[in-house]
Structure formats: C-alpha cells, structure tokens
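See below for the structure under consideration.
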Amino acid sequence: MTTQEAPQERSNLQLSIRNAFLGQEGVLVVIMVIAVIVLSFTSENFLTVDNLLNQARLMTEVGLIALPMTYIIITGGIDLSVGSIFGFSAVMLGWLWKEQSFPLEAAILASIVIGTLSGLLNALFIVYVRVPPIIMTLATLALYRGMAYGISQARSARGYPDWFFQFGQRDFLGIPTQIWFLIVASIFAWILLARTPFGRGIYAIGNNEIGARFSGIPVNRYLLFIYVFAGFMSAVAAFLFTSRVSTTRADSGTGMELDVIAAVVLGGTSIVGGSGTIHGTLLGLVLLQLLKNGLSLSGVKGDATIVVIGVVLILSILINNYIQKRFRQ
Amino acid sequence: MQPILELNHISKKFPGVQALDDVHFDILPGEVHAIVGENGAGKSTLIKIISGVYTADEGMMHLEGQGEVQFNSPREAQQAGIATIYQELSLYRDLSVAENIFTGHLPRRRFGAVDWPMMRQQAREILHSLEIYDLDVNRKVGMLSVGNQQRVEIAKALSRNARILIMDEPTAALTESDVEQLFKIVRLLQERNVAIIYISHRLQEIFTLANRVTVLRDGQYIGTKQVAETTEGELISMMVGRTVDNLFPKLETEIGAPVLAVRNLWRKPFTLGVDLTVHAGEIVGLAGLIGSGRSELAQVIFGISPAKSGQVLIDGKRVKINHPGDAMRLGIAYVPEERGSQGLIRQMTVQENLTLAVLRSLTQGPFVDRNAEKTLAQQMIEQLRIRAYSREQIVNKLSGGNQQKVVVGKWLASRPRILIMDEPTRGIDVGAKAEIHRLMSELAMQGMAVLMISSEMPEILGMSDRIVVMREGKVAAEFSRAEATQEKVATAMMSEQNGSGDATVIPSQDPTPVSGGMSQQ
Chain V
2 MTTQEAPQER SNLQLSIRNA FLGQEGVLVV IMVIAVIVLS FTSENFLTVD
52 NLLNQARLMT EVGLIALPMT YIIITGGIDL SVGSIFGFSA VMLGWLWKEQ
102 SFPLEAAILA SIVIGTLSGL LNALFIVYVR VPPIIMTLAT LALYRGMAYG
152 ISQARSARGY PDWFFQFGQR DFLGIPTQIW FLIVASIFAW ILLARTPFGR
202 GIYAIGNNEI GARFSGIPVN RYLLFIYVFA GFMSAVAAFL FTSRVSTTRA
252 DSGTGMELDV IAAVVLGGTS IVGGSGTIHG TLLGLVLLQL LKNGLSLSGV
302 KGDATIVVIG VVLILSILIN NYIQKRFRQ
Chain F
5 MQPILELNHI SKKFPGVQAL DDVHFDILPG EVHAIVGENG AGKSTLIKII
55 SGVYTADEGM MHLEGQGEVQ FNSPREAQQA GIATIYQELS LYRDLSVAEN
105 IFTGHLPRRR FGAVDWPMMR QQAREILHSL EIYDLDVNRK VGMLSVGNQQ
155 RVEIAKALSR NARILIMDEP TAALTESDVE QLFKIVRLLQ ERNVAIIYIS
205 HRLQEIFTLA NRVTVLRDGQ YIGTKQVAET TEGELISMMV GRTVDNLFPK
255 LETEIGAPVL AVRNLWRKPF TLGVDLTVHA GEIVGLAGLI GSGRSELAQV
305 IFGISPAKSG QVLIDGKRVK INHPGDAMRL GIAYVPEERG SQGLIRQMTV
355 QENLTLAVLR SLTQGPFVDR NAEKTLAQQM IEQLRIRAYS REQIVNKLSG
405 GNQQKVVVGK WLASRPRILI MDEPTRGIDV GAKAEIHRLM SELAMQGMAV
455 LMISSEMPEI LGMSDRIVVM REGKVAAEFS RAEATQEKVA TAMMSEQNGS
505 GDATVIPSQD PTPVSGGMSQ Q
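From first to last, the protein sequence lines are chains V and F. Going by our numbering, the first residue of the first sequence is number 2, and it counts up by one from there. Going by our numbering, the first residue of the second sequence is number 5, and it counts up by one from there.
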C-alpha cells in the first residue's frame with residue numbers, strides 16, 4: 002500500500018484531468034464556446050457588455066431556484082412546485098402590500114416566509130408521509146397556483162415605490178443588483194454541497210438512502226432542509242422578479258420549473274440521483290440563457306427557440322452518455 | 005418403484021464457495037421428500053438447479069420419461085412438469101385468482117382472444133380438485149391472505165400439470181389453520197402421485213408430513229432416511245456433524261462489566277421481548293435460523309427501527325435510542341448484514357465510505373477537514389489491510405472481502421465501545437475471513453463488547469465467549485463457550501421441544517384436528 006504511493010498520485014491527477022474534460026462540464030464548456038462564436042457572427046448585438054449583463058439579469062430568478070433544485074435532484078427527488086411557489090409568493094407580496102396595507106418591507110419578508118412555509122409543506126409530506134416527491138409537488142404545483150389566482154382575484158398589483166426597483170432594475174457596483182444575490186447564493190450553495198458533511202450526506206442519500214440511514218446520517222433532517230430551501234429561494238426569486246417587472250400577477254412563473262430542471266440536468270446532475278455539482282448547474286443555466294438570447298437576436302421566433310433548447314438538451318445528454326460509456330472503463 | 009427424478013452427482017460452484025458438491029439422491033412419485041440442512045447447506049441452490057434457475061456445473065438430472073435433462077431456464081423446467089413455490093410468492097397482486105393460475109397459458113378462443121368463461125371455469129375446477137371451495141376466482145390476489153395466495157400458487161402449478169412440486173419453507177409465513185390446510189392439500193397431491201420436494205426448518209413438520217428426508221451439509225450430500233426410521237436427534241447430528249476446525253484465532257480475554265443490556269425489548273413482529281447482556285471484552289454469538297429475528301434485534305438496538313417498549317441500558321444506565329445517530333453517540337456501531345445496500349454507498353470512494361459515519365466530527369468550523377479525513381482513511385486502510393489501489397477507488401470495484409473491511413473500518417472509525425456485527429464474514433474469501441476474525445478477537449481483548457450475529461455454526465462456536473440462540477423473536481437458549489456443542493445449539497435453533505417456544509405444534513398423522521390446535525410440549 003505505502004510503497005505504491007507515488008504512481009497512485011499521478012494516476013489520480015491524470016484521472017481528474019481526464020474527467021474534467023470528459024465530464025458533463027467539459028461538454029458544456031465546448032458547446033458554450035461554439036454557441037458564443039456562432040451567435041456573435043449571426044448578430045452584432047450579441048457579444049456586447051450591455052447585452053450580456055442584461056441576460057445575466059434575466060437568468061437570476063431561474064438560477065436562484067436551480068441551486069436548491071440541484072440538491073433535490075442529487076437526492077433522487079424533484080420539486081415541480083417551484084414555479085407555483087414563485088407565483089404564489091409574488092402575489093402574496095403584492096396583495097399584502099396593496100390590499101392589506103402592509104409596509105412594503107414587511108410584505109417582502111412575509112412573502113418570503115410564505116414561500117418557505119410552502120416548501121415546508123412539501124417537505125413534511127415527502128419526508129414523513131413518504132409521498133413520492135413527484136406526486137407531492139405535482140399536487141402543490143396545482144394547489145399553490147390555485148391559491149395565487151384565488152387571492153389575487155386576477156388583479157395585478159402595481160405602483161411600487163421607487164426604492165423597490167433597486168433590486169430588479171438597477172445596478173450595484175456596476176452590475177445588475179440581483180446578480181449579487183445569485184453570486185452570494187451560488188457560493189453558499191457550492192460550499193455547502195462540496196465542503197460540508199451535509200453535502201456529502203446529500204450525495205450519499207442520492208446513491209443509497211438506506212445505506213445513508215444505516216450510517217447515522219440524519220436523512221430526514223437533510224431532506225426537510227432541501228425542500229424548505231427550495232421554497233425559500235423560490236420566494237426570494239419572486240421578490241426580485243416583482244422588482245424587475247414592477248407588477249405581480251397570478252400567472253408569474255408558470256412553467257418556470259421546467260427551465261429550472263433543464264438547467265440542472267443540462268449541468269450534469271443525474272436525474273436518478275447521486276451526482277451533480279453547483280458549477281455544472283451554473284454552466285447549464287448560462288448556456289440556456291445564451292441560447293435563448295442568441296436565437297432571439299438572430300430573429301428566431303419564440304417557439305423555435307424552445308425547439309432548439311430541447312434539441313440541445315437531448316444532444317448534451319447523448320454526448321455525455323457516449324463519453325461515459327466510451328472512456329470511463 | 006421407479007424414481008420420477010434422479011439427481012446424479014450435481015455440483016455447483018460460486019466465486020469462493022462450493023455451494024453443492026457431488027449431490028445425488030432420487031425422488032419417488034407420490035412421496036413427500038424433505039430436504040433439511042443448516043443455513044447455507046445448499047438447499048436453495050439445489051432447488052434452483054432442479055427448477056432451472058441455475059445450471060449445474062457438473063452432473064445431470066434424470067427425469068422419468070425424458071431421460072437425462074439439464075434445464076437452462078425456469079420455463080424449461082416448468083414444461084418438464086416441475087413447479088416451484090418459493091418463499092417469496094411470485095403472483096401478480098393486481099390480477100385475479102383465475103388470471104394468476106393461468107399466467108402464461110391463458111385459454112384462447114379463435115383469433116387469440118382470451119376465453120374468460122373457460123378460464124374461470126377451469127380455475128374453479130382446479131381449486132375444487134384441491135378441495136378449496138371458498139376462494140372466488142375473480143378476486144384480486146393482492147387482497148388474499150398469505151395462505152390463500154399460496155393455494156393459488158399450488159393451483160397454478162397444477163394448471164401446468166406439474167408432476168414434481170418444490171415447496172421452499174411453505175409454512176414460514178402461515179397461520180396455524182393455514183398450515184393444516186396446506187398439509188391437507190399436500191396429502192391430496194400425494195394421492196395423485198405428485199412428488200413433493202419439501203424444504204423446511206421445522207423438524208416437526210417433517211415428521212408429520214414427509215416420507216423420506218435428505219440431509220445436506222456445507223453443500224454435501226449426507227444421507228437420506230425414511231422418516232419412520234429416524235429421530236430428530238439423528239437428523240440434527242447429521243446436519244451439524246462436522247469437526248470445528250481451528251480457523252478462528254480466538255484469544256482469551258478478560259470479561260468485564262456489562263456494557264450493553266436490553267430488557268424485555270419489543271418491536272413487533274420480529275422482536276418479542278428480548279433480554280440480552282454483553283460485557284466488556286466479551287464476544288456474544290447470536291445464533292438462530294434466518295427469520296428468527298436476529299438482524300431485526302440489532303436494528304432495534306441501533307435505532308433503525310426503534311423499540312416500542314422495553315429498556316436498553318448502557319453501563320447500567322437507561323438510554324433512549326430513536327435513530328442511528330443516538331446509538332452512535334452512545335458508542336454503538338452496527339456492521340449490517342447487507343454489505344451492498346446497508347453497509348456501503350457503493351458508488352462512492354473508499355475514503356468517502358470510511359469516513360461517512362464520522363464525517364460530522366471531522367470538521368473545522370462548518371467544513372470537512374480534508375486532511376483529517378485523508379489521515380483517518382489512510383489509517384483505516386492500513387489497520388485493516390484494505391487492498392485498494394487508492395483511497396479514491398470506487399468501493400464497488402473492490403472484492404467482497406475488501407468491501408467488508410471498508411464497512412468494518414467505517415464503524416471502527418467511530419471508536420465504538422459496543423460493536424454489533426451482522427454476518428461479518430458472509431460471502432468473503434477465507435483469507436479475509438480470518439483477518440476479520442483476528443480483528444474481532446483483538447477488539448474484544450481491548451475491551452470492546454462485541455455482539456456477533458452469524459448463521460455459520462463454526463463461526464458461532466469458534467468466536468463466541470457466550471452463545472445466545474434466538475427463535476421466533478425471542479431468546480430460546482443460552483450457552484457458555486464451554487458447554488456449547490453443535491447439537492445443542494442447532495437443537496435450540498430448530499426444535500420447539502427445547503426452550504420456551506410457544507409455536508404451533510402439528511398433531512401428527514391427523515390432518516383435521518378438532519382441538520383448535522394450540523398445545524405446548
């Protein structure tokens with residue numbers, strides 16, 4: 002064992018270099034470079050600082066929710082209700098402020114608490130009643146969206162004070178304010194997953210939940226946390242969204258869960274659980290946004306954009322599968 | 005009488021184990037032929053070869069009317085008239101009784117449509133021929149009791165005109181009245197000249213039901229006896245009669261104060277009032293048949309399925325264990341029975357597995373201390389001589405013995421005072437086995453309290469300072485190292501005549517007792 006130390010280290014290093022190139026992240030970087038080159042030739046507006054910063058602004062909301070979604074998918078779960086929690090929180094923010102005369106600060110806080118509690122409801126049923134996540138969150142997808150419509154009575158809330166737009170429409174230290182939220186949250190989520198016992202536990206649960214339980218990992222507590230975290234982040238994203246578009250409507254965030262899941266899966270997180278990274282998710286997120294933007298700048302209509310994104314998703318998964326089979330033993 | 009099936013010199017090897025070695029006997033038409041042996045004697049492998057699940061490495065079967073046969077799939081065996089009823093019934097829960105009986109050969113009309121009335125009619129006829137009149141053929145099988153499900157399995161076998169019916173532990177999950185019904189059906193089948201191969205651990209059933217009994221031990225054929233000419237004692241000594249070899253370097257230890265004690269521990273249905281004590285420096289061997297509740301007891305103590313009532317005492321102080329985290333903090337470690345699903349996260353690395361249980365204490369602030377993690381993993385790899393090419397190797401790529409060492413290492417890393425090992429050497433090679441035994445012995449010498457669950461008699465007798473035998477969720481007997489013999493331990497495991505078991509006793513030769521049946525001997 003000890004005499005073989007030196008060659009082992011080398012083979013580890015070689016292995017990790019090879020993995021970096023051949024993993025999903027490597028594939029994504031290559032696709033992204035190709036996409037940027039192609040798009041910058043087809044539209045001269047694409048590769049400009051203004052455009053890129055604006056795209057970053059637009060992807061923040063999906064990005065914030067994709068962080069907890071990465072955890073959830075690594076454990077082998079899914080949360081389909083994030084778009085509805087997003088819409089519900091946004092409506093509650095506007096309704097509490099406008100109809101219930103809450104101070105706006107209190108309405109923001111309350112909407113985030115409500116989003117968090119919505120995540121907690123999912124979590125309790127998934128962990129203690131053992132309802133499969135896909136069923137539970139499909140039910141609350143309908144439930145929370147229904148509550149958003151019921152409470153808003155299809156009226157939108159507008160006319161927010163000027164300071165409120167700082168978060169969604171203005172810049173802070175030269176870049177759009179909400180990107181700071183995404184940066185801080187991403188660093189937090191990355192460290193939590195890659196560097197703490199909690200993160201290791203998340204991977205263990207995704208690979209073998211029984212084994213994780215037998216190892217004394219507090220599986221229930223961890224699972225509770227990630228679904229609550231998803232509710233919380235959905236509500237934060239809803240707040241930034243409201244500030245960006247200056248209005249709250251009950252249909253905000255409809256279908257958003259698909260963008261979120263697409264970013265996570267495109268980023269290399271296995272949909273059956275066990276593997277995935279935060280940086281992969283961020284790459285997936287950026288690639289999706291670049292494609293959407295580049296295609297619309299090139300004059301591709303909205304429907305066709307969705308088709309292209311679907312094709313890219315399938316291709317990246319195929320390439321990844323091929324590489325895994327071919328090179329990893 | 006001409007045998008219906010002859011087994012000629014059947015051998016089967018699995019990696020590291022000779023599961024069957026030159027087994028040869030015959031089955032007569034219309035007889036109930038029991039096969040007995042300890043856990044791991046080769047009974048399951050044998051019936052899997054007869055029923056076509058496995059193919060023998062050597063030897064042939066001779067089937068009456070078909071000559072030499074070698075089945076390559078269960079389907080071939082079925083077509084040859086051999087049906088098997090496994091302990092785990094293989095029915096479709098959401099289909100009706102009639103559909104289950106005719107699975108794979110539904111009666112058809114023209115154009116291939118299923119002939120439903122015909123199917124129901126035939127299903128009823130088959131059930132009636134077994135004197136079963138109270139089973140609606142339209143009911144979903146999932147709604148039936150286990151006993152009725154088993155009757156459906158038997159009817160299914162008959163619908164294919166089985167001439168040989170293999171029953172693997174058919175009474176293990178049955179209630180008393182279901183057992184009586186089953187025996188009645190077995191006798192009916194016997195009258196129709198169906199040969200029945202009957203696997204059971206319950207010796208009394210064999211004396212009630214069987215004509216002949218064949219004993220296997222460690223994959224070898226020991227002998228076949230007429231039931232009328234043998235006794236329980238003779239069968240048990242045939243089953244266990246091996247010499248205990250000196251593979252086990254059990255070191256003499258100083259036995260200290262009680263460390264772990266459980267008092268009247270309950271969790272239905274497998275833990276029914278257990279009392280047990282393990283002292284410092286002591287290895288307690290927990291023996292029992294599969295299904296006797298040993299692993300379940302360990303999981304109750306470790307908090308995976310917490311106790312409903314009763315006490316757990318550590319150093320004489322009462323403690324509450326609700327989940328594995330509690331048990332770990334109290335210094336208990338549990339090396340589980342299923343290495344792949346319970347013991348390891350197989351897709352993760354050797355290092356990640358070794359440190360998984362203790363990771364939350366290997367931290368600097370909120371972060372994993374990666375140097376401490378590496379050091380610990382390296383130390384465990386060296387201490388246990390785990391043969392991996394690197395700490396970063398995926399555990400699944402290691403041999404069984406090395407995987408087991410990783411599980412043991414993972415729990416030694418938690419520095420336990422009480423180590424529960426569930427089948428610690430199952431399915432690993434001889435070398436790794438000896439190393440695990442040496443380690444266990446050394447740990448006991450250092451004062452650890454060890455509770456070892458094992459289905460291997462030599463391991464139990466060789467390693468234990470004291471042997472506790474469980475049967476049907478309770479402690480049935482206890483022996484010191486000096487007084488334990490294979491016969492005594494095996495008798496306590498299998499026979500209701502010894503100990504306090506209140507299990508069903510089947511009145512012999514009378515298929516329909518009127519007494520209601522509960523009697524104690």
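For glycine and all other residues, C-beta sits at the position ideal for the given N, C-alpha and C. Please read these numbers as outputs of a predicted model, since none were measured by experiment.
Bridge-paired residues (DSSP) for residue i
| i | result |
| --- | --- |
| F:Ala-199 | F:Ile-168 |
| F:Leu-276 | F:Trp-270 |
| F:Asp-426 | F:Ile-457 |
| V:Pro-177 | V:Asp-172 |
| F:His-66 | F:Glu-10 and F:Glu-72 |
| V:Lys-99 | V:Lys-99 pairs with nothing; no bridge assigned. |
| F:Asp-373 | Paired residues: none, contrary to the question. |
| F:Arg-112 | F:Val-118 |
Proximal chain V residues relative to residue i, where beta-carbon distance stays under 9 Å
| i | result |
| --- | --- |
| F:Arg-350 | Asn-208, Asn-209 and Gly-212 |
| F:Gln-315 | Going along chain V, no residue has its Cβ under 9 Å from F:Gln-315, so there is no contact; the nearest lies around 22 Å. |
| F:Thr-367 | Thr-197 and Pro-198 |
Test: residue i CB closer than 7 Å to a CB of chain V
| i | result |
| --- | --- |
| F:Ser-403 | no |
| F:Thr-450 | In the sequence on display, residue 450 of chain F carries Gln and not Thr. No, no contact with chain V. |
| F:Ser-345 | yes |
| F:Pro-340 | yes |
| F:Gln-525 | Interpretation of F:Gln-525 is limited by its pLDDT of 34, a score under 50 that renders its predicted location unreliable; no figure is taken from the coordinates. |
7 Å Cβ cut-off: residues of chain F touching residue i
| i | result |
| --- | --- |
| V:Thr-197 | Pro-370, Phe-371 and Val-372 |
Per-residue contacts from residue i into chain F (C-beta, under 8 Å)
| i | result |
| --- | --- |
| V:Gly-27 | Ordered by position in chain F, no residue passes the 8 Å Cβ test against V:Gly-27, which lies about 19 Å from the chain. |
| V:Ser-157 | Under the 8 Å cutoff, chain F gives no residues; its nearest Cβ is about 42 Å from V:Ser-157. |
Contacts of residue i in chain F (Cβ-Cβ under 9 Å)
| i | result |
| --- | --- |
| V:Arg-201 | Met-352, Glu-356, Thr-359, Leu-360, Leu-363 and Val-372 |
| V:Tyr-204 | Ile-349, Gln-351, Met-352 and Glu-356 |
Same chain, Cβ closer than 7 Å to residue i, neighbours up to 5 away in sequence not counted
| i | result |
| --- | --- |
| V:Phe-173 | Trp-181 |
| V:Ile-320 | Val-28 |
Proximal chain V residues relative to residue i, where beta-carbon distance stays under 7 Å
| i | result |
| --- | --- |
| F:Pro-328 | Arg-214, Phe-215 and Gly-217 |
| F:Ile-308 | Arg-214 and Phe-215 |
8 Å contact criterion, which residue i and residue j should meet: CB distance rounded
| i | j | result |
| --- | --- | --- |
| V:Gly-277 | V:Thr-71 | 6 Å |
| V:Gly-207 | V:Gly-275 | 4 Å |
| F:Ser-459 | F:Glu-427 | 7 Å |
| V:Thr-306 | V:Lys-293 | 6 Å |
| F:Ala-417 | F:Leu-358 | 6 Å |
| V:Leu-284 | V:Gly-295 | Not confirmed; about 16 Å, so no contact. |
| F:Val-198 | F:Phe-211 | That pair is no contact at about 21 Å. |
| F:Leu-134 | F:Leu-192 | 6 Å |
Where residue i meets chain V, residues with beta-carbon distance less than 8 Å
| i | result |
| --- | --- |
| F:Ser-458 | The contacting residues do not exist; F:Ser-458 stays about 19 Å from chain V at best. |
| F:Met-332 | Gly-217 |
| F:Ile-305 | Within 8 Å Cβ-Cβ: nothing; F:Ile-305 doesn't reach chain V, min ~13 Å. |
Minimum Cβ-Cβ distance from residue i to chain F less than 7 Å
| i | result |
| --- | --- |
| V:Ala-111 | no |
| V:Gly-281 | no |
| V:Val-95 | It should be pointed out that residue 95 of chain V corresponds to Gly in this sequence rather than to Val. For V:Gly-95, the answer is no, since every Cβ of chain F falls outside 7 Å of its Cβ. |
| V:Gly-274 | no |
| V:Pro-69 | no |
Cut-off 6 Å between Cβ atoms - residues of its own chain near residue i, not counting five sequence neighbours on either side
| i | result |
| --- | --- |
| F:Asn-502 | In this prediction, F:Asn-502 has a pLDDT of 45, which is less than 50 and means its spatial position is unreliable; what the coordinates show is noted afterwards. Here the set comprises Thr-495 and Ala-496. |
| V:Ile-79 | Pro-134 and Ile-135 |
| V:Leu-194 | Gly-200 and Ile-279 |
Contacting residues, own chain, Cβ-Cβ under 8 Å from residue i (five flanking each side not counted)
| i | result |
| --- | --- |
| V:Thr-43 | Gly-295, Leu-298 and Ser-299 |
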